[in-house]
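Step one of this worksheet: look at the structure below.
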């Protein structure tokens, strides 16, 4: 019964997050495809390991020149926008163990920019094309 209840809570939570995700990202926003690498502890411990489950979605709004980062359970996280030469042009940091939405400025100059997400639970990056 306990497992059934936990499964039900997980289903309701993911449905709610998906609905919020659709609401928060405007009609002009485009989802940024991310390549994610979940990070796992290098050495197992005798204690029962905690779940490293996380949620991460990014939307780019070309009208506002911002990237909206929707995330949950990232822990300490750094978000960077890099230009074509690898220089940091925008950055922000956060700590999150609950559902949070961060916004980061994207340059308005034409080009391809790399969004890097570096956190305790995942390393991810995606490309934003500004036209």
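In my numbering, the protein residues as written are 48 to 178.
C-beta atoms are modelled at their ideal positions from N, C-alpha and C, and glycine is treated no differently.
Residue i, buried or exposed, once every other Cβ within 10 Å from all chains shown has been counted against 16
i, result
"residue 107", "buried"
"residue 155", "exposed"
"residue 150", "exposed"
"residue 78", "exposed"
"residue 105", "buried"
Minimum C-alpha distance to residue i - residue among the options
i, options, result
"residue 165", "156, 148, 138, 155", "138"
"residue 81", "154, 159, 170", "170"
"residue 159", "129, 135, 122", "129"
"residue 121", "152, 102, 110, 134", "102"
"residue 111", "162, 153, 175", "153"
"residue 37", "136, 145, 134", "The question about residue 37 has no answer here: the residues shown for the chain are numbered 48 through 178."
Other residues of its chain near residue i: CB distance less than 6 Å, five sequence neighbours each side excluded
i, result
"residue 140", "125"
"residue 142", "123"
7 Å Cβ shell around residue i - same chain, five flanking residues per side excluded
i, result
"residue 178", "157"
"residue 131", "158, 159"
Same chain only: Cβ atoms within 8 Å of residue i, ignoring 5 sequence neighbours per side
i, result
"residue 172", "81, 82, 161, 162, 163, 164"
"residue 95", "Low per-residue confidence applies at residue 95: pLDDT is 45, beneath 50, and the placement is therefore not dependable enough to give any value."
Expected contact under 8 Å - CB spacing of residue i and residue j to nearest Å
i, j, result
"residue 148", "residue 115", "6 Å"
"residue 123", "residue 167", "6 Å"
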